[in-house]
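Report on the structure given below.
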Amino acid sequence: MSTLTYPEVGATRLRPLPEGYNHLHHRAPVGRGRAAFEAAGAAVTEWRMHRAAGAGVEASAARAAPGVTVKVSAGIRRLRVTVPCEVVWTAYERDRTGFAYGTLAGHPERGEESFLVELADDGTVWFTVTAFSRPAGWYARLAGPLVPMAQHWYARRLTAVLRRTASAA
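Numbering that gives the first Met the number 0 applies: residue 0 is where the sequence shown begins, and numbers increase by one.
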């Protein structure tokens with residue numbers, strides 16, 4: 000059994016985000032209509048969004064569910080970093096699909112990140128990334144302000160992936 004490395008499990012769903020962490024909130028439209036929503040939601044919960052953004056993903060299940068462990072990796076060769084996480088909550092609802100994972104031992108950060116796709120009443124499909132994190136490893140502390148900048152960049156990259164996914168639906 001894995002052990003999450005932070006006490007505020009589920010805070011990306013319940014709000015407010017806990018103090019003492021860097022916060023990320025990124026929200027952007029990615030498409031319109033039910034088909035776009037379903038395509039984007041499946042890409043998020045079946046790990047395809049991360050893979051299409053260039054990350055490696057090893058998951059203990061084909062689809063996000065509480066307790067599923069995930070190793071996400073990025074970088075090249077010796078500079079490749081693999082970060083272990085565990086899914087802490089999911090949303091499989093009529094107009095809301097997504098999940099959050101929390102950090103496990105060996106992750107350079109402590110915290111949680113959620114990826115949520117929502118279908119608004121006007122037909123707009125929104126993608127939201129919400130996270131709270133703080134350095135856990137020496138190299139994350141050394142990177143300082145570069146880590147939040149990288150998180151914002153990655154959220155925008157995921158948004159671009161979902162826009163392509165939703166427009167193909």
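Beta carbons: idealized from backbone N, C-alpha and C, even for Gly.
All values reported here derive from a predicted model rather than from experimental measurement.
Contact between the stretch 87-96 and the stretch 121-134 is not established, with fewer than three Cβ pairs separated by less than 8 angstroms.
At a Cβ-Cβ threshold of 8 angstroms, VAL56 and ARG50 count as neighbours.
A distance below 8 angstroms separates the beta carbons of THR11 and THR129.
Shown here, ARG12 sits in a helix according to DSSP, grouped into three states. ALA139 and GLU108 have their alpha carbons spaced roughly 7 angstroms apart. Bounds of any beta strand (DSSP E) do not take in SER59, whose DSSP letter is neither H nor E. If you draw a straight line from the Cα of TRP46 to the Cα of LEU103, it comes to about 18 angstroms. Per DSSP, reduced to three states, the secondary structure at THR96 is strand. Around the beta-carbon of TRP88, 16 or more other beta-carbon atoms lie within 10 Å, marking it buried.
Assignment of SER166 by DSSP, reduced to helix, strand and coil, places it in the helix class.
Look at PRO83 here: in three-state DSSP terms it is strand. A Cβ-Cβ contact shorter than 8 angstroms links ARG133 with TYR20. According to the DSSP assignment, HIS24 belongs to the beta strand (DSSP E) that extends over 21-31. Within a 10 Å sphere around the beta-carbon of LEU3 sit 16 or more other beta-carbons, which makes this residue buried. Going by DSSP, LEU141 is part of no beta strand (DSSP E) but of the alpha helix (DSSP H) stretching over 137-142.
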